[in-house]
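Which chain is which? The protein sequence lines are A and B, in order.
Per the working numbering, residue 5 is the first one in the first sequence, and the count goes up by one each step.
Per the working numbering, residue 5 is the first one in the second sequence, and the count goes up by one each step.
Backbone N, C-alpha and C fix where the C-beta goes; we use that ideal spot for every residue, glycine too.
In this text the structure is predicted, and so the values were computed from the model without any measurement.
Right, one structure below, let's go through it.
Protein chains: 2
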Amino acid sequence: MIGREDLGHRSETVRRANLSAIVRQLHLNGALSRSELVARTGLTRSAIRALIGELVDGELVTEGPAALDGSPGRPSSLVCPDPHGAVVLALEIAVDSLGAAVVGLGGEVLDSLRIDLPPGRSRVDDIAASLAGLASTVRGRGAAEDELVGVGVAVVGVVRRSDGMVSTAPNLGWRDEPLGDRLTEVLGTDVPITYANEADMGALAELRRGAARGADDVVVIWGSVGVGGGLIVDGRPLRGVAGYGGEVGHIPVNPDGLPCRCGSNGCWETEVGTSALLRRAGRPPEGGPEAVDAVLREAGSGSPVALAAFAETGRWLGIGLAGLINVLNPRLVLLGGRLEAGYPFVRATLEAELDRRALPASRQLIRVVPTTLGIDAPLLGAAELAFEPLLTDPAAWLRPRTATAELATA
Amino acid sequence: MIGREDLGHRSETVRRANLSAIVRQLHLNGALSRSELVARTGLTRSAIRALIGELVDGELVTEGPAALDGSPGRPSSLVCPDPHGAVVLALEIAVDSLGAAVVGLGGEVLDSLRIDLPPGRSRVDDIAASLAGLASTVRGRGAAEDELVGVGVAVVGVVRRSDGMVSTAPNLGWRDEPLGDRLTEVLGTDVPITYANEADMGALAELRRGAARGADDVVVIWGSVGVGGGLIVDGRPLRGVAGYGGEVGHIPVNPDGLPCRCGSNGCWETEVGTSALLRRAGRPPEGGPEAVDAVLREAGSGSPVALAAFAETGRWLGIGLAGLINVLNPRLVLLGGRLEAGYPFVRATLEAELDRRALPASRQLIRVVPTTLGIDAPLLGAAELAFEPLLTDPAAWLRPRTATAELATA
DNA sequence: AATCATTTGAAAGAGAGGAACACAAACTCC
DNA sequence: GGAGTTTGTGTTCCTCTCTTTCAAATGATT
Numbered sequence: 005m006i007g008r009e010d011l012g013h014r015s016e017t018v019r020r021a022n023l024s025a026i027v028r029q030l031h032l033n034g035a036l037s038r039s040e041l042v043a044r045t046g047l048t049r050s051a052i053r054a055l056i057g058e059l060v061d062g063e064l065v066t067e068g069p070a071a072l073d074g075s076p077g078r079p080s081s082l083v084c085p086d087p088h089g090a091v092v093l094a095l096e097i098a099v100d101s102l103g104a105a106v107v108g109l110g111g112e113v114l115d116s117l118r119i120d121l122p123p124g125r126s127r128v129d130d131i132a133a134s135l136a137g138l139a140s141t142v143r144g145r146g147a148a149e150d151e152l153v154g155v156g157v158a159v160v161g162v163v164r165r166s167d168g169m170v171s172t173a174p175n176l177g178w179r180d181e182p183l184g185d186r187l188t189e190v191l192g193t194d195v196p197i198t199y200a201n202e203a204d205m206g207a208l209a210e211l212r213r214g215a216a217r218g219a220d221d222v223v224v225i226w227g228s229v230g231v232g233g234g235l236i237v238d239g240r241p242l243r244g245v246a247g248y249g250g251e252v253g254h255i256p257v258n259p260d261g262l263p264c265r266c267g268s269n270g271c272w273e274t275e276v277g278t279s280a281l282l283r284r285a286g287r288p289p290e291g292g293p294e295a296v297d298a299v300l301r302e303a304g305s306g307s308p309v310a311l312a313a314f315a316e317t318g319r320w321l322g323i324g325l326a327g328l329i330n331v332l333n334p335r336l337v338l339l340g341g342r343l344e345a346g347y348p349f350v351r352a353t354l355e356a357e358l359d360r361r362a363l364p365a366s367r368q369l370i371r372v373v374p375t376t377l378g379i380d381a382p383l384l385g386a387a388e389l390a391f392e393p394l395l396t397d398p399a400a401w402l403r404p405r406t407a408t409a410e411l412a413t414a
Numbered sequence: 005m006i007g008r009e010d011l012g013h014r015s016e017t018v019r020r021a022n023l024s025a026i027v028r029q030l031h032l033n034g035a036l037s038r039s040e041l042v043a044r045t046g047l048t049r050s051a052i053r054a055l056i057g058e059l060v061d062g063e064l065v066t067e068g069p070a071a072l073d074g075s076p077g078r079p080s081s082l083v084c085p086d087p088h089g090a091v092v093l094a095l096e097i098a099v100d101s102l103g104a105a106v107v108g109l110g111g112e113v114l115d116s117l118r119i120d121l122p123p124g125r126s127r128v129d130d131i132a133a134s135l136a137g138l139a140s141t142v143r144g145r146g147a148a149e150d151e152l153v154g155v156g157v158a159v160v161g162v163v164r165r166s167d168g169m170v171s172t173a174p175n176l177g178w179r180d181e182p183l184g185d186r187l188t189e190v191l192g193t194d195v196p197i198t199y200a201n202e203a204d205m206g207a208l209a210e211l212r213r214g215a216a217r218g219a220d221d222v223v224v225i226w227g228s229v230g231v232g233g234g235l236i237v238d239g240r241p242l243r244g245v246a247g248y249g250g251e252v253g254h255i256p257v258n259p260d261g262l263p264c265r266c267g268s269n270g271c272w273e274t275e276v277g278t279s280a281l282l283r284r285a286g287r288p289p290e291g292g293p294e295a296v297d298a299v300l301r302e303a304g305s306g307s308p309v310a311l312a313a314f315a316e317t318g319r320w321l322g323i324g325l326a327g328l329i330n331v332l333n334p335r336l337v338l339l340g341g342r343l344e345a346g347y348p349f350v351r352a353t354l355e356a357e358l359d360r361r362a363l364p365a366s367r368q369l370i371r372v373v374p375t376t377l378g379i380d381a382p383l384l385g386a387a388e389l390a391f392e393p394l395l396t397d398p399a400a401w402l403r404p405r406t407a408t409a410e411l412a413t414a
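Below you can see the structure in the form of structure tokens.
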């Protein structure tokens, strides 16, 4: 409510905003009838009609026959986002894999691909080259003719949104690496490329297409070796002043605890990362995903040691989450990554800590649930990020009206 | 950038938004020249001219002679918010005092008053009656003739914004008290009354009129017996799903630490509240503000015990702040309340902990500074809150144009 | 005193959405 | 199975609001 709605609106702005509202609704909700659009935007039929016409001309949407839903009255024709009218390229640099996808307007994944990344540190140039290879493959297979409107890149590290400068990426062994520069070179495209943190993009995907649909205030926790977070505040991803927000893994929860790879002690991820789980389960902490899967299986078959390890992880999860809940008062907490599968085993102790440590008023509003999109969430989020300019100003992607109009009159 | 700008715009909406933009600019920046307004809103001179005319007719702003600034060209006339054109009543229920103020458009405090509150728990009815008394006093003295457009109430507790239901207010000994109902009865006004947490309102005031002007991402920490927080995210106060956000005092920072009055252990306020300071300074923890002042004086004159007490408080302040910084990536951290005076003595250890525990990328952007508005900050914030409806839709407070127009044509 | 840069004022113009009307298509009821 | 009801479409005209344009005003500059 209190905000910075400062700038003035002009006729041109109005049309842009209205086109944007329609395209956004279609992208987020899929096909909608015209009357549904009238209801959702608050515009009149006449206005919707004119705007839809423009979008159909611009090939961003298609208008199909009415869908009969059994209600009386003349059926309203169905407006669909055209997945081939505008596509984006989504790329992901994850801990141990690279991903690429071509996603069409409306969110349809036209093609996707994922390859394993050899463990250990990787050179930026190699990664960029691999991504470019993936990109041309998915683009060629699925949608070579479709108009590309943007590229979104999710990176497992702290990255600057504007130019893709990676400040730190411990999992890749990177510090101050110019990923953006390399990628711009090898991709050779002139559409905008936007970068963001993997956890943030996963949260965005869950918000738009997954378990957090419709919620305004959400905390998403991604657990693996490290712990990442994606925060949704007031319907928007929390970015902070430079886009470094949501780094929940290094919240101090146990100030005199174990040393963290960040140099501090007792960060949240020292207690809820997979190393801590393995240690508590009596295994070498540096065991990889296979070891974690083993502990998961043991817990599933009732092993007391494994269950206790998860219970303790759940306790610390709850401690950290209580802080986040008190600070952010969210509606929903999503547990993703390794925690998606571990959820049943951490649940009890987690909730118990929340009961104890979260303020009652906030506590009673909270639901803690696992994520639903699985491993591709960050990729889908990167696609959403890449669509953003189109959704904000669809007119820029329609045929340049003013130019032809002036030409006609001249 | 990514958000929910969904609803359509209509001519009526546009005018409202433009009037709003102008009034908001004037309220936040004080008098501006017409050409300055043109630059800030992006509208044309003609549009500005018409809108200003309407606002002058509605007596929300006045237009004065040009201010000659020595630049060539015809001087631009100055547009001023009229402090008497619209006023709000701001009320505050603080830990040990009640406050009231009448504030005019543009932020001028026309009159204010504060009375001490006897320690211990107070009945809601008594507080409401006292506030009503204060209100009629300040209203009568300062601005009896001015049009009241809203009432804002800052409460030291968890309060629901819409109806003033106080969920908990430990400092007042309240649980589930219907403050809003009582206050509506005794104030006997028909303008909207809005409620909010004191810490949030203090942060809003610092954002608009104090040390955080112009910043978009801010964390404000209010330290006294308890610790409260006001968070600004992306230029807006963080509210959360029910307005309970920002309760930083109960972030777990030392899970096996001292019991907190909330029932948990090792909440942030058990380490940085005044009780902890007094304990560390070798005094009884329940000593009041006088005892804290005494420790402050001792620290000022170099007492090692007092300085060590502050240093330890600073260490824990830094630990908790590091978590908030990692999560929120703010530009600015403001220390208010008791911490404003204590700032010089906590600074060193606080910054050291940040160096150790905050992520470098976020750390290097941060500035930690004391607040500047002092004790009246929440009161000023409540005034801003009360102004919000007017700033969002100034047209509603102008003379009802449509009605008279229809009358004329009929 | 002439020139220049900038702003004001007023009237005409253009863009965009709103309102009202006739018509169409489906469901419901008798 | 036909009349009535409901909901939605297409079209035209209207209104609202901002922009454009041109002449006049004002103060600094030279």
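CB-CB length for residue i against residue j, believed under 8 Å
i	j	result
S37/A	S81/A	7 Å
A365/B	Y199/A	About 14 Å separates the two Cβ atoms, so there is no contact after all.
Range of the contiguous alpha helix (DSSP H) that encloses residue i
i	result
M417/B	There is simply no residue 417/B to check, as chain B begins at 5 and stops at 414 in what is shown.
P348/A	R342 to R361
E67/B	Note, E67/B: premise wrong, no alpha helix (DSSP H); beta strand (DSSP E) at V65 to G68.
Simplified DSSP assignment, three categories, for residue i
i	result
G385/B	helix
I379/A	helix
A412/B	Low local confidence applies: a pLDDT of 36 at A412/B is under 50, so the model's placement there is unreliable, with the coordinate-based value given in what follows. Here A412/B sits in helix by DSSP.
A51/B	helix
I323/A	helix
L117/B	strand
S37/A	strand
E302/A	helix
A255/A	Position check: residue 255/A holds Ile in this sequence, whereas Ala was assumed. Of the three classes helix, strand and coil, the one that applies to I255/A here is coil, per DSSP.
R284/B	helix
N330/B	helix
R243/A	coil
A90/A	coil
P404/A	At P404/A the pLDDT is 45, less than 50, meaning the model places this residue with poor confidence; the figure from the coordinates comes in the next sentence. If DSSP states are grouped into helix, strand and coil, P404/A belongs with coil.
A71/B	coil
I131/A	helix
N175/A	coil
Span separating the alpha-carbon of residue i from that of residue j
i	j	result
L332/A	G232/B	13 Å
D417/A	V83/A	Chain A is shown from 5 up to 414; residue 417/A falls before or after that span and cannot be answered.
T396/B	V18/B	12 Å
L191/A	G218/A	35 Å
A43/A	S50/A	13 Å
I329/A	R361/A	10 Å
E189/B	G322/B	44 Å
A345/A	L300/A	8 Å
R405/A	L55/A	Because the pLDDT of R405/A is 33, which lies under 50, any placement of that residue in the model is unreliable, and the number read from its coordinates should be weighed accordingly. If you take the alpha carbons of R405/A and L55/A, they lie about 14 Å apart.
I119/A	D180/B	56 Å
Under 7 Å by beta carbon: chain A residues contacting residue i
i	result
H13/B	H13, V18, A21 and N22
Chain B residues whose Cβ lies nearer than 9 Å to that of residue i
i	result
P334/A	G244, V245 and G249
Contact set between residue i and chain A, taken where Cβ atoms lie within less than 9 Å
i	result
N201/B	Here the premise fails: no neighbours, minimum Cβ distance about 11 Å.
S279/B	By Cβ distance, chain A contributes nothing, its closest Cβ being about 19 Å from S279/B, past 9 Å.
Near the ligand PLP: residue i beta-carbon under 8 Å from a heavy atom
i	result
V373/B	The ligand content of the structure shown is nil, which means the ligand PLP is not present either.
Residue i: first and last residue of the uninterrupted beta strand (DSSP E) it sits in
i	result
T193/A	Element bounds for T193/A: n/a, residue is neither H nor E.
E273/B	No beta strand (DSSP E) holds E273/B; the alpha helix (DSSP H) holding it covers W272 to V276.
7 Å Cβ cut-off: residues of chain B touching residue i
i	result
S166/A	Simply none; closest approach about 11 Å.
V237/A	V237 and L242
Residue i: contacting residues in chain B (beta-carbon distance under 8 Å)
i	result
I323/A	P256 and P259
A365/A	V162, S171, T172, A246 and Y248
Residues that residue i contacts on chain A, provided the C-beta gap is smaller than 8 Å
i	result
S39/B	Going along chain A, no residue has its Cβ under 8 Å from S39/B, so there is no contact; the nearest lies around 14 Å.
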